[in-house]
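For what it's worth, the UniProt record's numbering labels the leading residue of the sequence shown as 1, then goes sequentially. Quick reminder that beta carbons are idealized off the backbone N, C-alpha and C, glycines included. Working notes, beginning with the structure itself.
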Amino acid sequence: MPILLVAFLLVDLLSIGYLFLGYYLWHEWHVYRFTIQDEYGQRCLYGALALGLFTLLGRFLVGRLVSKSRPGEDQPQRVDSPEHDRLKRPDGSFIHIDFYGPKTAQPIIFVHGWNANRTSWYYQRKYFETNYRLILMDLPGLGKSTRPTNKDYSLSKMAADLQAVIEHTGATNPILWGHSIGGMTILTLLANIRSSNLGRIKGVILEHTTYTNPVRTILFSRLLTAIQEPVLVPLCWLLIGLSPLLWVSRWMSYFNGTAHLMTRLLTFTGTQSFQQLNFVTLLSTLSPLAVTARGVLGMFEYDVSEALSSIQEPTLVIGANQDRLTKPVASAHISRTMPQAKLVMVSPGGHQGLVERHKEVNQAVQQFIQTLTKFIVT
1 MPILLVAFLL VDLLSIGYLF LGYYLWHEWH VYRFTIQDEY GQRCLYGALA LGLFTLLGRF
61 LVGRLVSKSR PGEDQPQRVD SPEHDRLKRP DGSFIHIDFY GPKTAQPIIF VHGWNANRTS
121 WYYQRKYFET NYRLILMDLP GLGKSTRPTN KDYSLSKMAA DLQAVIEHTG ATNPILWGHS
181 IGGMTILTLL ANIRSSNLGR IKGVILEHTT YTNPVRTILF SRLLTAIQEP VLVPLCWLLI
241 GLSPLLWVSR WMSYFNGTAH LMTRLLTFTG TQSFQQLNFV TLLSTLSPLA VTARGVLGMF
301 EYDVSEALSS IQEPTLVIGA NQDRLTKPVA SAHISRTMPQ AKLVMVSPGG HQGLVERHKE
361 VNQAVQQFIQ TLTKFIVT
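Shown next as structure tokens:
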């Protein structure tokens, strides 16, 4: 999402500032340690040491200050499936796919959000893997999927990758579940499905997603829409060029906790555990900055507004009352416009409702799937 790109750039610059401040304090100590101002030098030394500790371990302090204790909560982990596959695409990329659950069960195909990967579905995998065939794909350039050689990160390209995964896995009457850009990918596919040879889709879950350029349905949407072309687009290209250098500051932001603070403010509501916050922040940090920026450029061109009313697949739309990256009005608009859509609003919930409110989300999806037993769109 565009606002995430700007927010994390700010914390990256702040982390670089910490580095310079630490060097300045150390230099002051080195200059004044044997002078009449030795006491000042000692204070600078202590400050430099404290800043060094904060730079390395600040995430434990910051993360816990902005999180809640959730005793007994199953804490998320990055897990790889022993059953997996790689799908080669015409653009040179390889799409990584993980499989869970019985091979003959109802297939559910998961498409994760941007700045994440397939492991972000930890709670959904644990909940559904016993009774369903789960197919988790990594979007191009993220997780274990490789980057396309033509540097195409458009929603059309991602939708084509999703279609290829459906066909490659032989999923029969699959349920498609997308979070954020994953939902946009699914909507892009459904908007073009009538002209494809894709088989029937049994149902769709759209979680915290939008129907148009996300700049228009995000926090500060008017401002961001106004500065998209003069500021955000050039910024994306600048970040692509500087991504090797900013990779270091991105990890500094993770270790010192400023990335955790930004993740909390933009994607959670404050009821998440430290482990949940750290999990989402780590996935974001692992995402290559150049891929993130190119994906944002692709999102600027996204719009399926005109196609919504023609999408007939039964759909569960999951929104969140405190989602700052995809405002609730976007979820409400999708549910009103799609003929077979139902809206569930998570409250309190943010953009990471699949993590912070995983129990409510999973139960709502389970109830929705049960209504699809005899409902297959032809």
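request  = Kindly give me the distance between the Cβ atoms of residue 56 and residue 109, rounded to whole angstroms, as I take these residues to be in contact under 8 Å.
outcome  = Not confirmed; about 40 Å, so no contact.
ask   = Should residue 380 go down as buried or exposed, given a rule of 16 or more other Cβ atoms within 10 Å for buried?
value = Here the chain comprises residues numbered 1 to 378, so residue 380 is not present and cannot be evaluated.
Residues bridged to residue 85 (per DSSP) = 97
key: Contact set for residue 29: own chain, Cβ-Cβ below 6 Å, skip 5 residues either direction   = 41, 44, 45
ask   = For residue 125, which three-state DSSP category applies?
value = DSSP places residue 125 in helix when its eight states are reduced to three.
query = What does DSSP give as the partner residues of residue 177 in its beta bridges?
reply = 110, 205
ask   = According to DSSP, which residues form a beta bridge with residue 138?
value = The bridge partners DSSP lists for residue 138 come to none.
task = Assess, as a yes-or-no matter, whether the segment 293–302 is touched by the segment 213–222 under the definition of 3 or more beta carbon pairs within less than 8 Å.
result = They touch, by the three-pair rule.
key: Limits of the alpha helix (DSSP H) - the one that residue 307 falls within   = Per DSSP, residue 307 belongs to no alpha helix (DSSP H) and is neither H nor E.
Start-end ranges of the beta strand (DSSP E) lying completely within the segment 327–376, minimum 3 residues = 341–346
task = Consult DSSP for residue 218 and reduce its assignment to one of helix, strand or coil.
result = coil
inquiry  = Considering just the uninterrupted stretch of the beta strand (DSSP E) at residue 316, what are its terminal residues?
reply    = 315–320
task = Spell out a yes or no on whether the segment 89–97 and the segment 144–159 are touching, meaning 3 or more CB-CB pairs, one atom from each, closer than 8 Å.
result = yes
inquiry  = Quick check: what's the CA-CA separation for residue 69 versus residue 356?
reply    = About 12 Å.
key: Local Cβ density within 10 Å of residue 48, reported as buried at 16 or more and exposed below that   = buried
query = What does a CB cutoff of less than 7 Å around residue 21 pick up in its chain, not counting 5 residues either side in sequence?
reply = If we look at residue 21 and ignore the five residues flanking it on each side, its Cβ neighbours are 51.
ask   = Smallest Cα separation from residue 58: which of 261, 244, 25?
value = 261
query = Alpha carbon to alpha carbon, what distance is there between residue 328 and residue 222?
reply = 16 Å
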